[in-house]
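**Q** Following the working numbering, the residues of the sequence shown are numbered contiguously, the last one being 642.
By construction, the Cβ of each residue, glycine as well, lies at the ideal position given by its N, Cα and C atoms.
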Amino acid sequence: MSGAGRYLGPHIKTGPNSYEIGPVPIRALRLPTFNGSQGLYINTEDHRGRTPSKDKLDPLTPYIWDDFIGEHRANQSIIDDEYQEIFNRITITVSNEIEQRKQGAKSGQQLNQIDNAKTDQTTTINTIRLKEQEYQSQIETAHSLYGQNPFFLMKDLPFRKVVDGVNSVPPDLLGAYAAIDRAYRSALELKRLSLENNILASHLAGLAKSLSQAETGSQAEPAQMSSWLAERLYATNTEKDIRIQLLPHFLQAEIAAATGSVEGLTHSQSLEKYKAVIDNLIVQNQAAVGTYATANPNIQLPLSKPELESIKSLVHLQANTNLGKRWNDYHASLLHSESVRHLAAAASAFGELIARAKEAENSLEQIRLVTEAEARRVAAEQARIAAEEEARAEESVYKEAVSFLADTNKHILEKYGAELSKVAQDLQTNISGKKIRSYDEALASFEKINSNPNLKLNAKDTQAVVDALNALDKATFADNAKRLGKAFGVTGKIVQAEAIREKTIIGIQTGDWKPLGLEIEAIAAGALAAYAAGILLAGFFATIGSPVLLSVPIAALIIASAASYFDSETVDEINKYLINFSEANLKTS
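1) Kindly list the residues whose CB is nearer than 6 Å to the CB of LYS629, restricted to its own chain and excluding five residues on each side of it in sequence; keep chain order.
2) Quick check for students: name the residue ranges of the alpha helix (DSSP H) that lie wholly in the stretch 172 to 247, counting only runs of 4 or more.
3) Pull up the CB-CB distance for LYS328 and ALA400, whole angstroms please, since I reckon it's below 8 Å.
4) Give me the Cα-Cα distance between ILE561 and ARG429, rounded to the nearest whole angstrom.
5) For the alpha helix (DSSP H) that ASP134 lies in, which residues bound it at each end?
6) Quick one, are the C-beta atoms of ILE612 and ALA528 less than 8 Å apart?
7) Output the distance between the C-alpha atoms of THR269 and TRP281, rounded to the nearest integer angstrom.
8) Starting from ALA329, trace the alpha helix (DSSP H) in both directions and tell me its first and last residue.
9) Can you give me the C-alpha to C-alpha distance between LEU299 and LEU376, rounded to a whole angstrom?
10) What residue range is occupied by the uninterrupted alpha helix (DSSP H) comprising GLU307?
11) Go ahead and label HIS100 buried or exposed: buried means 16 or more other beta carbons lie within 10 angstroms of its beta carbon, across all protein chains shown.
12) Start and end of the alpha helix (DSSP H) containing GLU292?
13) Should THR144 be counted as a contact of the ligand ADP given a C-beta to heavy atom distance under 7 Å?
14) Please determine, among GLU391, GLU316 and ILE438, the residue with the shortest C-alpha to C-alpha distance to GLN337.
15) Kindly say whether ILE145, judged by its beta-carbon, lies nearer than 8 Å to any beta-carbon of chain D.
16) Verify whether the separation of the beta carbon atoms of THR144 and ALA158 is less than 8 Å.
17) Please say whether LEU422 and SER279 have beta carbons closer to each other than 8 Å?
18) So, at 8 Å on beta carbons, what are the nonlocal neighbours of LEU569 in its own chain, with the 5 sequence-adjacent residues on each side left out?
19) Since ALA254 and ARG296 should fall inside the 8 Å C-beta cutoff, what is the C-beta to C-beta distance between them, to a whole number of angstroms?
20) Under three-state DSSP, which class holds VAL315?
21) Looking at the structure shown, is PRO606 part of a helix, part of a strand, or coil, going by DSSP?
22) Which residues in the same chain have their Cβ closer than 8 Å to the Cβ of PHE303, if we skip the five residues on either side of it in sequence?
23) Near GLU405, what residues of its chain come up, given a Cβ to Cβ distance below 8 Å and the 5 sequence neighbours on each side ignored?
24) Would you mind stating whether LYS411 and SER321 have Cβ atoms separated by less than 8 Å?
25) Enumerate in chain order the residues of its own chain whose CB-to-CB distance from THR319 is below 8 Å, with the five nearest sequence positions on each side excluded.
26) For PRO301 and HIS395, which I take to be in contact (beta-carbon distance under 8 Å), what is that distance rounded to the nearest angstrom?
27) Return yes when the Cβ of ALA170 is within less than 8 Å of the Cβ of LEU264, no when it is not.
28) In whole angstroms, give me the CA-to-CA distance for ILE233 and LYS378.
29) Would you kindly work out how many angstroms separate the C-alpha atoms of ASN251 and VAL222, rounded to a whole number?
30) Assess, as a yes-or-no matter, whether the stretch 184 to 193 is touched by the stretch 340 to 355 under the definition of 3 or more beta carbon pairs within less than 8 Å.
31) Express the C-alpha separation of ALA310 and THR344 in angstroms, rounding to a whole number.
32) From ARG154 to LEU260, what does the alpha carbon distance come to, in whole angstroms?
33) VAL215: which of SER130, HIS389, ILE131 and ARG126 sits nearest, CA to CA?
34) Quick check on DSSP: helix, strand or coil for GLY377?
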């Protein structure tokens, strides 16, 4: 009896040993969801498409799944061969690319040694940045197969995608193949870009050294050198960012969290803080490297950045889901040993960056110290020149003041006679050594003159003098007092001169000299001892030497009011003079 019905299912016999088989519906098997154990790569179960029984194949589930996966594997093999050639030549490719970029950046320019080195450095850094941008643009596509990087899951993820494509409405097997190829190519692009940036980053230290040597050899001015040194520090910060970006993202996150803020730190201190964190992570990962039974023969070392990230994900899936556990001990050990390798490369680079940053900072500090010393020298020289100019100006002013005092003395001599002139000049002798007497002592001396019966003031003449003194230009009077003060060793304005003039007018007008005495006492109490006498005499002589023509008795009174504060003998001389002056006038009248 024929077994065709049992083996072939519904069919039409078209001839001897010839049959037309009816449509065979394909039913999807269980999908690998990382919650079961369905992976061909990580697991070792029977091929999909076979029944678990010992009976013959189910006519509804023939080897069609192996055919579907075989097609994917053929596509993957083509991609692998293409990228294997890329990886074999990657060092030469990167070298040619960067040289072309450098030549393009310098095309049509005549650059000196410094600009040439700077262009090479800038071009390399910009190329790394461009590749990092390209890397970021590939991440989403590389993880488009259920959010996983396809490295080390290139049997589980593609099979699930094929099943989903077959079961989609309408079925889209070719779309599934295209999606698998896109994700795998993007993953390999991530590997290519990470390897290329590692190669380019290895050039940065040499480029920085060439630029540093060119700048140092130029013997530039401190300001220019300071600018270059600041650029070197900026470059170390840029390279720091590049070195961090070269690491897998999970290591970047650990470093950022452990480092924390570097605000307020110098460049070298910031780099040292990063390196300390990296060194600590190396120790932690070295301690976590464990033993394993068998190595996974499908993994080729060393691992690139995206491959290490994929191992990190694989270890997580094997530890936390029902994904097959095959080689899980090796994967866990590999995760830590490869992390150590990546971190060690970063630590070495950071060590070189720290040395460069410290060198630049030390050079900047030396320039700062030299610049500050030079600034102090220039300031001292300028101060010396200014002091000399001021001294010359002061000398000129003093000479003019002495000349003005001489004119004042001449005026007193011509207007009030030799005896009052002599008294006035005696008062000017040894100004700095004169001590001002108390108000009571001065008043006792002054009263000898004020009560002198020979001193009679004509009311009409007195009022004329008062009016004339009141009419004096205050600015001119103040300037005269200032110039006389200069001659007496007093610097600056003599603000008390106006008060002396006003109180003198009161004394002349009313015969009450007490306000003047109190003003003088206030001057003596408020001024430095060396200045008090000069201030007092400047005020009095500005009044005596004014254009107002005073009577001899009034002039004598004013001089006596000043003299009474220095010594009684001078007052006695004035008193005798007034007696003689009065008697002489009586004889001539």
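**A** Based on what the coordinates show:
1) none
2) 209 to 220
3) 6 Å
4) 58 Å
5) 117 to 141
6) no
7) Taken atom to atom, the span from the alpha-carbon of THR269 to that of TRP281 is near 10 Å.
8) 320 to 341
9) 29 Å
10) Element bounds for GLU307: 302 to 312.
11) Confidence is the limiting factor: at HIS100 the pLDDT is only 42, short of 50, which leaves the residue's position unreliable, though a coordinate-based value still follows. Within a 10 Å sphere around the beta-carbon of HIS100 sit fewer than 16 other beta-carbons, which makes this residue exposed.
12) 275 to 298
13) This structure lacks the ligand ADP, and indeed carries no ligand of any kind.
14) The shortest C-alpha to C-alpha distance from GLN337 to any of GLU391, GLU316 and ILE438 is the one to GLU391.
15) Looking at the structure shown, chain D is missing, and only one protein chain is on hand.
16) no
17) no
18) ILE553, LYS556, THR557, ILE559, GLY560 and SER614
19) 7 Å
20) Correct three-state label for VAL315: coil.
21) If DSSP states are grouped into helix, strand and coil, PRO606 belongs with the helices.
22) GLU362 and LYS365
23) Cβ neighbours of GLU405 beyond the five flanking positions: ALA258.
24) It is a contact, given that the beta carbons lie within the stated cut-off.
25) ALA410 and GLU414
26) 7 Å
27) yes
28) 24 Å
29) Rounded to the nearest whole angstrom, the CA to CA distance from ASN251 to VAL222 is 45 Å.
30) no
31) 29 Å
32) 15 Å
33) Closest in alpha carbon position to VAL215, among SER130, HIS389, ILE131 and ARG126, is ARG126.
34) coil
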